[in-house]
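**Q** Just so you know, the sequence shown maps onto residues 10 to 794 in the working numbering.
Ideal Cβ placement from N, Cα and C applies to all residues, glycine included.
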Amino acid sequence: MKRIFLNKLFLAFSTTLLFAYGIIYACAGGDDWDFFGYNSNFTPETFADKSYSPLFLSGGIFYGIGFDTEHNSRFNESIKSDWETYFKGKADTATISYFLIGEESPKYYGERDKVAANKTEIEQLHVYVKTKKENKTSLKWGKKISLKDEKIKSFIEFLYLAQKIETVSIGEDYWSYDPVVAKTFNDSKMIQSIENVYNITSDPFLKNRYWFLTMKARFYSNDKQKAILFFNKTESAAPKNILYYRALAYVAGINHQQKKYAVSNYIYAQVFNKCPQMRIVTAYSFHPKNESDWTKSLAMAKNNDEKAALWAIHGYYKDERQAIEKIYELNPKSEHLNYLATRLVNSLEQKINNSFQQNQGDNLPVKSQSIAENRTENQAKIDKKAVDLIAKISAAGNTEKPYLWDMALGYLQTLEGDFANADKNFDKSQKTLPKTELATNQLRLLRFVNNLSKIDKLTDSNVKTVLADLTWLYQELPKNYKGQEFRYQNAAQWSKNYLAVLYKAKSDPVMAELFGTSPYGYWNAGNSFYDNEKDVLKMKEFLAKSNKTEIEKIAAGIYNLKLKDINNFQAIQATFKNKIPEAIAFIQQTDSVQYYTFLGNPFNGNIKDCHDCDHVAYQKRKYSQIEFLTTIKDMQDKLAQKEDVYTNSLLLGNAFYNITHFGNGRTFYEISIVGYGSSPYSFRDKMKEMITNCNVSKMYYQKAFEAATTKEQKAKCIYLMAKCERNDYYNKKYNSVKSYWDIEDDKINFIAWNGFKTLKKEYSDTKYYQDVIAECGYFNTYVNQ
């Protein structure tokens, strides 16, 4: 049984591979965001040439871009630059760009690969050059360029021939889920005419262009073997420039189509080695079918550099450590080592647990870790062989970029807990470090990680060693770096987690909360800090104090809550506890929050609980939160004076019902401390209990019932209390359920709560009873079952 050589991911992609050198159609992804980038402290851009960036460790096919989408535009700039040099000012940049690249068109996304100007204009200019007869286009362009100049005429002739091939070489689809059927150019006479021009042209620049155009035409023809024959016959005379390696990639593609995989992969590796612009293409196209193909490709290598290039791509797909070992033996100065080293370090750090939380298994709670426990876990995950290899290369100091290996070793030593040696290697890297902002920042970041990792127990003295870096990390870097160009985000979150654990061990819940809050607030409803009233008061005291220490200022600066948010939370709690004067006092300290308006009328009580319906219903008056609370207080004051007891009690019942999860005023409690969600299971237990409790509203409905003077009024009160009974039943039934998906159907439907029984037995002759039957399907089913 043959062993599959490359990983399954690569083999899956290879099914869509075209034999052409550069067209990879796939679902084009994204932006600069990459999961691996935000879970890393080691920025590969610090160490490796930009041409390698798509090959950095990634969560997608290619780092930062997902898929290669530059098939039609990869060489635009080099093409324009070459022709500008050739013209020496006889045509301006805009004109050259227009004829070579063309204007943006819906047919092509952005710039296109080569000659893409208006086909008709090129043909008319070509007619003019051949016949000397003026036409509309020649008159237009004759005002901008000299159409009699020999170089301009040569340019037009080249455009005319090149655009014929462009009809098959330019892709028309930006992306496709399916393999793309390759087009062919079958005009053999035209292909031969292009080759003839190549043969007779003496100008070196034009000859090189026609040489490549001949290769391109042969490649897209239905007799691709002639492309290889032409290449073999002429390649020794061709300059070894980008055009040469593009042509060489055509040869590789044809060999791949002919199932000569070893030859194809050997050639692709050489293009990868010599033509940085094509590294993404050749890495993708590299395609050994099995170990035998790989061995044969390696045997074809004529020197160490060619072998190193093969290992460079091999390492991208399979094993960075092995590739580094092999390349280092062949050529310690190889630049391929740089990007492979970053992949190796990035892959090692992906295994590190930065959360200080340990998953104990299914149906078991996540366990918080101490610093020592987290360090022990992470040390066990470090690949010792990888560290030893990097240490060996660092000690030798004979690579192209010694600081890369010194920094990498220091970082891995930090993860291993060898802080003293990490410091030594960071100091060593400083000696060869380039004077760039990125390199300086990278070294500073890794030193910081090492320095903070040294702290096992916080003291006033050791916390001072990281203050400047914390300010840099939390305040300065976010202003200067918005994406992944410098990876500081992981260190920022890790350091907050680290400090939170240290303050928790120091029995300082306020500082632990300040550093330990999730960057996404309380959406996961897992933080119980504000469920303890003593902690709430301590936090308010801390945030209000003016004489904070430096570390306290930093902690307060990164905290996502302010005093107004806590006052808002206390106002909500006080309201649910029916402590309205307290709630008003708190809400008045929330700045603009007190003026947020309810989406629906919070004093309405309807048969159906439909907050969306209430939100779109006509509202004579809109209530702000402060108006809501003061109106409640006014009604309670009237109730205390026995004034209009039924109406005030009913409206108060509606008000307290509507701010629960079941009513139309959920926005009253939806803040970061409480949580958000369309289901009670989105909230932590304490908050779930608060927002689903209808006892206060039920109490007021009972008062309204006792004060009611008509059967219609009593029927309404009975039904509204029945809704509270219903809610309470389900609250208790599912109280132990942690997730909506854990609910089991017990086949119990349409329970006859006391309110339903009473409504049916004593108030079936009321109009309100009929309204309930018409609107409440649940009650209607109960009545008729």
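(1) What's the gap between the Cα of T854 and the Cα of N704?
(2) Where do the ends of the alpha helix (DSSP H) carrying T445 lie?
(3) In this structure, does DSSP put K394 in helix, strand or coil?
(4) When you compare each of F495, G426 and T445 to L454 by their alpha carbons, which one comes out closest?
(5) On the criterion of 16 or more Cβ atoms from any shown chain inside 10 Å, does I209 qualify as buried, or is it exposed?
(6) Evaluate contact between the stretch 420-433 and the stretch 454-465, counting only Cβ atoms and requiring at least three cross-stretch pairs below 8 Å.
(7) Which of the three DSSP states is assigned to N299 in this structure?
(8) For the alpha helix (DSSP H) that I110 lies in, which residues bound it at each end?
(9) What number of angstroms, rounded off, separates the C-alpha of K149 from the C-alpha of F84?
(10) Rounded to whole angstroms, what's the CA-CA distance from A37 to Y293? Just pull it up for me.
(11) For L222, which residues of its own chain have a beta-carbon under 7 Å away from its beta-carbon, when the five flanking residues on both sides are left out?
(12) Go ahead and label G370 buried or exposed: buried means 16 or more other beta carbons lie within 10 angstroms of its beta carbon, across all protein chains shown.
(13) Thinking C-alpha only, which one of E166, Q286, Q634 and H323 is nearest E300?
(14) So, is T4 buried or exposed, given that buried needs 16 or more other C-beta atoms within 10 angstroms?
(15) Taking the alpha-carbon positions, what's the I200 to A226 distance?
(16) Counting pairs of beta carbons, one from the stretch 54-73 and one from the stretch 444-453, are three or more of them closer than 8 Å?
(17) Is there a C-beta anywhere in chain B that falls below 8 Å from the one on G492?
(18) Can you have a look at D574 and say buried or exposed, based on whether 16 or more other CB atoms are within 10 angstroms of its CB?
(19) Would a C-beta distance cut-off of 8 Å place T558 and N577 closer than the cut-off?
(20) In angstroms with no decimal places, state the Cα-to-Cα distance between I336 and A317.
(21) Quick one: measure Cβ to Cβ for I380 and V472, integer angstroms, because I've assumed they're closer than 8 Å.
(22) Whole angstroms is fine: what's the gap from L452's alpha carbon to Q422's?
(23) Helix, strand or coil: which one does DSSP assign to D122?
(24) For N50 and Y497, I'd like the C-alpha separation in whole angstroms.
(25) Taking one C-beta from the stretch 725-732 and one from the stretch 686-702 each time, how about it: are there three or more such pairs within less than 8 Å?
(26) Three-state secondary structure (DSSP) at Q279?
(27) Among all the DSSP beta bridges, which residues are the ones paired with Q367?
(28) Taking the straight line between their C-alpha atoms, what separation do you get for V545 and F538?
(29) Use the C-beta contact count for K59: other C-beta atoms within 10 angstroms, 16 or more gives buried, fewer gives exposed.
(30) Where does S356 sit, in a helix, a strand or coil, going by DSSP?
(31) Below 8 Å between beta carbons: does that hold for L109 and S163?
(32) Assuming the contact rule is C-beta atoms closer than 8 Å, V138 and E166 should be a hit. Round their C-beta distance to whole Å, please.
(33) Which residues in the same chain as I251 place their Cβ atom closer than 7 Å to its Cβ, once the five residues preceding and following it in sequence are excluded?
(34) I'd like the ranges of any beta strand (DSSP E) spanning at least 3 consecutive residues and lying wholly in the stretch 687-748.
(35) Can N387 and N355 be called in contact, C-beta distance under 8 Å?
(36) How is T606 classed by DSSP in three states: helix, strand or coil?
**A** The answer reads as follows:
(1) Outside the shown range of the chain, which is 10 to 794, sits residue 854, and nothing can be said about it.
(2) Position 436 of the sequence shown, counted from the start, is the residue given in the question as residue 445. It is not in any alpha helix (DSSP H) - T445 carries neither H nor E in the DSSP assignment.
(3) Within the sequence shown, numbered from 1, the residue matching residue 394 stands at position 385. Looking at K394 - three-state DSSP - the assignment turns out to be helix.
(4) Within the sequence shown, the letter at position 445 stands for residue 454. When only C-alpha atoms are compared, the closest one is F495.
(5) As a first step, residue 209 must be located in the sequence shown, where it is residue number 200. Per the 10 Å Cβ criterion, exposed.
(6) The stretch 420-433 is in contact with the stretch 454-465.
(7) Reading the sequence shown from its first residue, position 290 is the one you call residue 299. The answer is strand: DSSP assigns N299 an E or B state.
(8) Counted from its first residue, the sequence shown places residue 110 at position 101. Run containing I110: none; DSSP gives neither H nor E here.
(9) Within the sequence shown, numbered from 1, the residue matching residue 149 stands at position 140. Within the sequence shown, numbered from 1, the residue matching residue 84 stands at position 75. Going by the C-alpha atoms only, they are around 28 Å apart.
(10) Numbered from 1 along the sequence shown, position 28 holds the residue referred to as residue 37. Numbered from 1 along the sequence shown, position 284 holds the residue referred to as residue 293. For A37, the pLDDT reaches just 32, beneath the cut-off of 50, and the residue's location in the model is therefore unreliable, although a value from the coordinates is still provided. Cα-Cα distance, rounded: 15 Å.
(11) Translated into the one-based positions of the sequence shown, residue 222 becomes position 213. Once the five neighbours on either side are set aside, the close Cβ partners of L222 are L170, A171, I174 and I203.
(12) Within the sequence shown, numbered from 1, the residue matching residue 370 stands at position 361. Exposed, by the Cβ-count rule.
(13) Reading the sequence shown from its first residue, position 291 is the one you call residue 300. Considering only alpha carbons, the answer is H323.
(14) Absent from the model: residue 4. The displayed extent of the chain is 10 to 794, so no value can be given.
(15) Position 191 of the sequence shown, counting from 1, holds the residue named residue 200. Position 217 of the sequence shown, counting from 1, holds the residue named residue 226. If I take the Cα positions, the gap works out to 6 Å.
(16) yes
(17) Although the question refers to chain B, the structure presented lacks it and comprises just one protein chain.
(18) Position 565 of the sequence shown holds residue 574. So D574 counts as buried.
(19) Along the sequence shown, one-based indexing puts residue 558 at 549. Along the sequence shown, one-based indexing puts residue 577 at 568. In this structure, N577 does not lie closer than 8 Å to T558 by Cβ.
(20) Counting from one through the sequence shown, the residue named residue 336 turns up at place 327. Counting from one through the sequence shown, the residue named residue 317 turns up at place 308. When rounded, the distance between both Cα atoms is 5 Å.
(21) For this step, residue 380 is matched to residue 371 along the sequence shown. For this step, residue 472 is matched to residue 463 along the sequence shown. In fact, because the Cβ distance is near 14 Å, the residues do not count as touching under 8 Å.
(22) Counted from its first residue, the sequence shown places residue 452 at position 443. Counted from its first residue, the sequence shown places residue 422 at position 413. Approximately 14 Å between the Cα atoms of the pair.
(23) Here residue 122 is taken as the residue at index 113 of the sequence shown, counted from 1. Per-residue confidence for D122 stands at a pLDDT of 37, beneath the threshold of 50, marking its modelled position as unreliable; no derived number is given.
(24) By 1-based counting over the sequence shown, the position of residue 50 is 41. By 1-based counting over the sequence shown, the position of residue 497 is 488. The straight-line gap from Cα to Cα measures roughly 6 Å.
(25) no
(26) In the sequence shown, the residue the question calls residue 279 occupies position 270. In the structure shown, Q279 sits in a helix (DSSP, three-state: H, G or I).
(27) Walking along the sequence shown from the start, residue 367 turns up at place 358. Partner(s): K376.
(28) Residue 545 sits at position 536 when you count from the first residue of the sequence shown. Residue 538 sits at position 529 when you count from the first residue of the sequence shown. Going by the C-alpha atoms only, they are around 8 Å apart.
(29) As a working mapping, residue 59 is identified with position 50 in the sequence shown. Its Cβ having fewer than 16 others within 10 Å, K59 is exposed.
(30) Taking the first residue of the sequence shown as 1, we reach residue 356 at position 347. Here S356 sits in helix by DSSP.
(31) What you label residue 109 is simply residue 100 of the sequence shown in a count that begins at 1. What you label residue 163 is simply residue 154 of the sequence shown in a count that begins at 1. No, the pair does not count as a contact, with Cβ atoms beyond the cut-off.
(32) Numbered from its first residue, the sequence shown carries residue 138 at position 129. Numbered from its first residue, the sequence shown carries residue 166 at position 157. Right, their Cβ atoms sit about 7 Å apart.
(33) Here the question's residue 251 lines up with position 242 in the sequence shown. Only F84, S87, C284 and Q286 meet the Cβ criterion.
(34) Complete beta strand (DSSP E) runs here, min 3: none at all.
(35) Residue 387 sits at position 378 when you count from the first residue of the sequence shown. Residue 355 sits at position 346 when you count from the first residue of the sequence shown. Using a Cβ distance threshold of 8 Å, N387 and N355 do not count as a contacting pair.
(36) If you number the sequence shown from 1, residue 606 lands on position 597. If DSSP states are grouped into helix, strand and coil, T606 belongs with the strands.
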